[in-house]
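Trainee:
There are 2 protein chains.
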Amino acid sequence: MVNEKLLKDIEFIVELDKMKSILRQTSLIGKEQREDDAQHSWHISVMAMILAEYSNEEIDLCKVIKMLLTHDLVELYAGDTFCYDKSANEDKREREVAAAEKICNMISDDKGREIRELWDEFEEMKTPEAIFAASMDRLQPMLNNYYNNGGTWRKYNVAQSDIYKRISPVKKSSDELWNFVENMLDDALQKGLIPKK
Amino acid sequence: MVNEKLLKDIEFIVELDKMKSILRQTSLIGKEQREDDAQHSWHISVMAMILAEYSNEEIDLCKVIKMLLTHDLVELYAGDTFCYDKSANEDKREREVAAAEKICNMISDDKGREIRELWDEFEEMKTPEAIFAASMDRLQPMLNNYYNNGGTWRKYNVAQSDIYKRISPVKKSSDELWNFVENMLDDALQKGLIPKK
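Chains as they are written, first to last, in the UniProt record's numbering: chain A, 1 to 197; chain B, 1 to 197.
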C-alpha cells in the first residue's frame, strides 16, 4: 500500500504537466512559437540565480526561486491573462484567487499552505523577495520582445507608459538592473520596437 | 553605461531561451507533443519542493532545486541524449563536459563555478542532494510514460531491467517513493505498458 498523502501529491504532480500547454503571449526568441508557463517559470527561476547579486537588498534567494516556480500555478485554472489586456485584467484577481484555493486543496495541508503563502507574498509585492521575483517575471518577456523585433509591444501596439509601469518593480529591486532596463528601452524606442504615441 | 559583467549575464540569459527548443523523447501527458528541457527542468524542480519530505535523509532543498534548474544546461551544446540509447550514451560524458566548460566560461567566474559545481555534484550522484535530484529527474518521465500508455517504454521497446536500473536512485533516496515506484511499475507491467521480455 502506498500512503494516501503521497498519492495525492503524485496526482498533483501529474496535474502540473498541464502548465506546459498554457500559452503566454510572448514568443520564444527568434521563433513564432509562443512560450508556455512551464518554460517561462523555469527561465525566470534561473534568471534569479544569475541576477540575485544585483539586488539592492539582501534577499532569500531560495524563497525567490520557490515563488517563481509556483507563481503561475493559478493559471492552471485561471488561464494566462495578458498583462496589457485591460479588460481581461479586471476580473483576473478574482479568477486567480479561486484557482489558488482550488490548488491549495489539492495537496496536503502544509504544502498547500506554503504555495499559497508564496503566491500571496508574490502578489502583494511588498517584501524584497517579492519585488525581486516580480522583476524577473517582468524582465524576461521584455528581453524576448527586445530580441524579437518588438514582439508583443508592436503586435498589440502597447503604450510606452504601460511598458514602463509594467517594468517598474525593477526600479525598486536593483539600481544596476534598472540602469540596464533604461538603456534597453531607450534603444528599443530609438529602433522603433516600442510604438511612439 | 551598463557594467560589462551584467551585460555578459544578460547575454547568457538570452542564450537560455534555447532550452525551450531542445526536445526530449518524453511526451506531455495525453499529447503527442514532446517535452522540452525547460519544461522538464521546471517540472522536476517543483516536484522536489513537493516530495522533499519523503527523502530518507535531511537534504538542502535549495541546493537540490538549483541543481535541477541547471542540470540540463549542458544540453544547450551537447543536445539531449535519450537515456535508453546505448550508442549515443557512449560519448555523452565527453560531449557534456565540453558543453559544461563552454557554459561556465560564458558567465562571470563565481556563477560559472557554482553552476559547474552543481552539475559535477549531480553527475557524481554521491551526496543525498544529488541522489534526490536524480530521483526527481528520473521519476518525472516515468510518470509521463505511465500516464501515456507506456510512452517511450513501448515506443522504443525498452527492457524492464533497463527501466529498473534507470529508476534505481529513488531506492536510495526514499523508502516511501520507492514503494510508490514499485507499485507503479508492477501495475505498468500488468497492463502491458512495459514490454515483457
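By construction, the Cβ of each residue, glycine as well, lies at the ideal position given by its N, Cα and C atoms.
Rounded to the nearest angstrom, what separates Leu189 of chain B and Lys196 of chain B at their Cα positions?
Mentor: Their Cα atoms are separated by approximately 7 Å.
Trainee: Check the Cβ of Lys111 of chain A against every Cβ in chain B and list those closer than 9 Å, keeping chain order.
Mentor: Within 9 Å Cβ-Cβ: Met49, Ile50, Glu53.
Trainee: By the DSSP assignment, the alpha helix (DSSP H) with Glu35 of chain B in it spans what residues?
Mentor: Not the alpha helix (DSSP H): Glu35 of chain B falls in the beta strand (DSSP E), residues 34-36.
Trainee: So with CB distances below 9 Å, who are the chain A contacts of Thr70 of chain B?
Mentor: Simply Val46, Met49.
Trainee: Based on the DSSP output, what are the partners of residue 218 of chain A in its beta bridges?
Mentor: Outside the shown range of chain A, which is 1 to 197, sits residue 218 of chain A, and nothing can be said about it.
Trainee: Note down, in chain order, every chain B residue with its Cβ under 9 Å from the Cβ of Cys104 of chain A.
Mentor: None at all; the shortest Cβ gap to chain B is about 13 Å.
Trainee: Could you check the C-alpha separation between Ala78 of chain B and Ala98 of chain B for me, to the nearest Å?
Mentor: In a straight line, the C-alpha of Ala78 of chain B is about 8 Å away from that of Ala98 of chain B.
Trainee: Got a sec? Which residues, its chain only, sit under 7 Å from Asp60 of chain B by beta carbon, not counting five neighbours each side?
Mentor: Correct list, in chain order: Glu129.
Trainee: Looking at C-alpha atoms only, which residue of A:Asn157, A:Thr70, A:Val46, A:Leu16 is the closest neighbour of Glu114 of chain B?
Mentor: Of A:Asn157, A:Thr70, A:Val46, A:Leu16, the residue nearest in Cα terms is A:Val46.
Trainee: Within 10 Å of its beta-carbon, does residue 204 of chain B have 16 or more other beta-carbons around it, so buried, or fewer, so exposed?
Mentor: Limits of chain B in this structure are 1 at one end and 197 at the other, which puts residue 204 of chain B out of reach.
Trainee: Comparing C-alpha positions only, which one of A:Arg154, A:Leu6, A:Ala48 sits nearest to Gln25 of chain A?
Mentor: For Gln25 of chain A, the nearest C-alpha among the options comes from A:Arg154.
Trainee: Pick out whichever of A:Glu75, A:Val2, A:Ser135 has its Cα sitting closest to the Cα of Ser21 of chain A.
Mentor: It is A:Glu75 whose Cα lies nearest to the Cα of Ser21 of chain A.
Trainee: Check the Cβ-Cβ distances between Lys20 of chain A and every residue of chain B, and say whether any is below 7 Å.
Mentor: Output row for Lys20 of chain A: interface = yes.
Trainee: Do you know whose CA, among A:Asn3, A:Val2, A:Leu7, A:Tyr164, lies nearest Met106 of chain A's CA?
Mentor: Nearest C-alpha to Met106 of chain A: A:Leu7.
Trainee: If you pair each beta-carbon of the stretch 130-138 of chain A with each one of the stretch 57-73 of chain A, do three or more pairs fall below 8 Å?
Mentor: The stretch 130-138 of chain A is in contact with the stretch 57-73 of chain A.
Trainee: Going along the chain, which unbroken runs of the alpha helix (DSSP H) with 4 or more residues stay wholly within the stretch 35-95 of chain A?
Mentor: Complete alpha helix (DSSP H) runs here, min 4: 37-51, 61-70, 75-78, 86-90.
Trainee: Give the straight-line distance between the Cα atoms of Val170 of chain B and Asn179 of chain A, rounded to the nearest whole angstrom.
Mentor: Roughly 46 Å separates the two Cα atoms.
Trainee: I'd like to know if Ala188 of chain B contacts chain A, where contact means its C-beta is closer than 7 Å to some C-beta of that chain.
Mentor: False, the Cβ-Cβ gap to chain A never drops below 7 Å.
Trainee: Give the DSSP-derived three-state secondary structure of residue 202 of chain A in the structure shown.
Mentor: The shown model of chain A, from 1 to 197, leaves out residue 202 of chain A, and the question about it has no answer.
Trainee: How about Asp9 of chain B: is its C-beta nearer than 7 Å to some C-beta of chain A?
Mentor: Output row for Asp9 of chain B: interface = yes.
Trainee: Since Cys83 of chain B meets chain A, which of its residues come closer than 8 Å, beta carbon to beta carbon?
Mentor: Near Cys83 of chain B there are no residues of chain A at all, since even the closest Cβ is about 19 Å away, more than 8 Å.
Trainee: Give the residues of chain A in contact with Leu23 of chain B, contact being defined as C-beta atoms less than 8 Å apart.
Mentor: Neighbours of Leu23 of chain B on chain A: none; closest Cβ ~12 Å, over 8 Å.
Trainee: Under three-state DSSP, which class holds Ile22 of chain B?
Mentor: In this structure, Ile22 of chain B counts as coil in the three-state DSSP scheme.
Trainee: Taking C-alpha atoms, which residue in A:Lys66, A:Phe82, A:Phe12, A:Ser55 lies nearest to Leu23 of chain A?
Mentor: Minimum Cα distance to Leu23 of chain A is reached at A:Phe82.
Trainee: My understanding is that Trp119 of chain A touches Leu69 of chain B, with C-beta atoms under 8 Å, so please give their C-beta distance in whole angstroms.
Mentor: Between Leu69 of chain B and Trp119 of chain A the Cβ distance is about 19 Å, and since that is not below 8 Å, they are no contact.
Trainee: Tell me the residue span of the alpha helix (DSSP H) that contains Pro195 of chain A.
Mentor: Looking at the DSSP string, Pro195 of chain A is not in any alpha helix (DSSP H), and its letter there is neither H nor E.
Trainee: Please list, in chain order, the chain A residues whose beta carbon lies closer than 8 Å to that of Ser173 of chain B.
Mentor: In chain order: nothing, as chain A lies at least about 14 Å away.
Trainee: Restricting to Cα atoms, I'd like to know which of B:Thr127, B:Leu193, B:Phe12 is closest to Met67 of chain B.
Mentor: It is B:Thr127.
Trainee: Looking at Asn145 of chain B: is its Cβ nearer than 7 Å to the Cβ of Val2 of chain A?
Mentor: Cβ atoms of Asn145 of chain B and Val2 of chain A: not closer than 7 Å.
Trainee: Would Ala100 of chain A count as contacting chain B if we go by Cβ distances under 7 Å?
Mentor: Judged by the 7 Å Cβ criterion, Ala100 of chain A is not in contact with chain B.
Trainee: Starting from Asn145 of chain A, find everything on chain B with Cβ-Cβ shorter than 8 Å and list it in chain order.
Mentor: Those within 8 Å of Asn145 of chain A in chain B number zero; the least Cβ separation is about 12 Å.
Trainee: Throw me the rounded Cβ distance for the Ile167 of chain A and Leu139 of chain A pair, which I believe falls under 8 Å.
Mentor: Correct: roughly 7 Å between the Cβ atoms.
Trainee: For Met125 of chain B, I'd like the list of residues in its chain whose CB is within less than 8 Å of its CB, leaving aside the five on either flank, ordered along the chain.
Mentor: Cβ neighbours of Met125 of chain B beyond the five flanking positions: Ile131, Ala134, Pro169.
Trainee: Whose Cβ in chain B lies nearer than 7 Å to the Cβ of Glu96 of chain A?
Mentor: Per Cβ cutoff of 7 Å: no residues; Glu96 of chain A is ~18 Å from chain B at best.
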